[in-house]
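Numbers 7 to 260, taken from my numbering, label the letters of the sequence shown in order. From the three backbone atoms N, C-alpha and C, an ideal C-beta is built for every residue, glycine too. Working notes, beginning with the structure itself.
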Amino acid sequence: MSNKKKSSTGPGSKAAARARAAEVVAAERRKARRRSLLWQAGIGLGALVIIGGAVVVVLQQRAERAENAVGPAAVPSDGGFLVGDPDAPVTVQVVEDFQCPACQAFEAAASEQLEGYAEGSEVNVEYRGVAFLDRMSSTDYSSRALNLSACTMEDGPDVWSELHRQLYLQQPSEGGAGLTDDELVSIAVAAGADEDRVAACQEADTWGAWVEATTDAATDDGVQGTPTLFVNGEQLDSGDPADLQAAVDEALAS
Numbered sequence: 007m008s009n010k011k012k013s014s015t016g017p018g019s020k021a022a023a024r025a026r027a028a029e030v031v032a033a034e035r036r037k038a039r040r041r042s043l044l045w046q047a048g049i050g051l052g053a054l055v056i057i058g059g060a061v062v063v064v065l066q067q068r069a070e071r072a073e074n075a076v077g078p079a080a081v082p083s084d085g086g087f088l089v090g091d092p093d094a095p096v097t098v099q100v101v102e103d104f105q106c107p108a109c110q111a112f113e114a115a116a117s118e119q120l121e122g123y124a125e126g127s128e129v130n131v132e133y134r135g136v137a138f139l140d141r142m143s144s145t146d147y148s149s150r151a152l153n154l155s156a157c158t159m160e161d162g163p164d165v166w167s168e169l170h171r172q173l174y175l176q177q178p179s180e181g182g183a184g185l186t187d188d189e190l191v192s193i194a195v196a197a198g199a200d201e202d203r204v205a206a207c208q209e210a211d212t213w214g215a216w217v218e219a220t221t222d223a224a225t226d227d228g229v230q231g232t233p234t235l236f237v238n239g240e241q242l243d244s245g246d247p248a249d250l251q252a253a254v255d256e257a258l259a260s
């Protein structure tokens, strides 16, 4: 007579199996939850790193813009570029916009007069660029031309003066796109500027913050249009070269 094992399929065995299965499921759920939390934490940390990096980049850009708002080394605090003897007793300041047709007309009428001042020892000339007329082009030409002017200042007064002359000779009409940055750089290079440096300076809009700052400062100083002339800090009522000469003569006599 053979012995047979009793089947362990009673109620107690089934309950124990269900309990063990429940424990396994619970354990797997706990593991899955831990993995989810770790993954979310990783995502959160990564996001913080990305956000933190973006904040650092923005702050660095703001710092660079603030630093560049001071202006090129060749420019004094009031934003002008001085041509002539810095110790001359009389300073003529010309506030101008490279997009301004009236400034072009003044340059044509008074350039020899201003050059004569700068070549002597009694009168110097300070050119103070502004970007009032960005609205008159589709590409902010006033700002771009003034940035180029600033990029060229460290090449010296001879190079800058030739660039200044050419920007008016080649002034674009209002209402269009104006000269491209490549065309502006070509003008600067033809005037004697270093091509690689000026091209990089123009492409990066290196002095963009300064352009904005010096334009705002001119407005704060009471300049409402261009050209505006000052003689030893006194604003003239007109842009007539004869009136300018009379004001210079008076300043020299005082």
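Beta-bridge annotation (DSSP): residue 236 is paired with 99, 241.
Assignment of residue 132 by DSSP, reduced to helix, strand and coil, places it in the strand class.
Residue 104 is not a Cβ neighbour of residue 77, given a cutoff of 8 Å.
Residue range 86 to 89 is occupied by the beta strand (DSSP E) that includes residue 87, with no alpha helix (DSSP H) assigned at that position. Here the alpha carbons of residue 110 and residue 206 stand approximately 27 Å from one another. Selection 141, 167, 153 evaluated against residue 183 yields 141 as nearest (Cα-Cα). Note that the C-beta distance between residue 128 and residue 156 is not below 8 Å. Per the coordinates, the alpha-carbon of residue 130 lies some 6 Å from the alpha-carbon of residue 98.
Between residue 137 and residue 173, the CB-CB gap reaches or exceeds 8 Å. Taking 8 Å as the cut-off, the Cβ atoms of residue 170 and residue 133 count as close. By the criterion of at least three beta-carbon pairs nearer than 8 Å, the region 250 to 259 is in contact with the region 220 to 238.
Going by C-alpha positions, residue 216 is about 12 Å away from residue 154.
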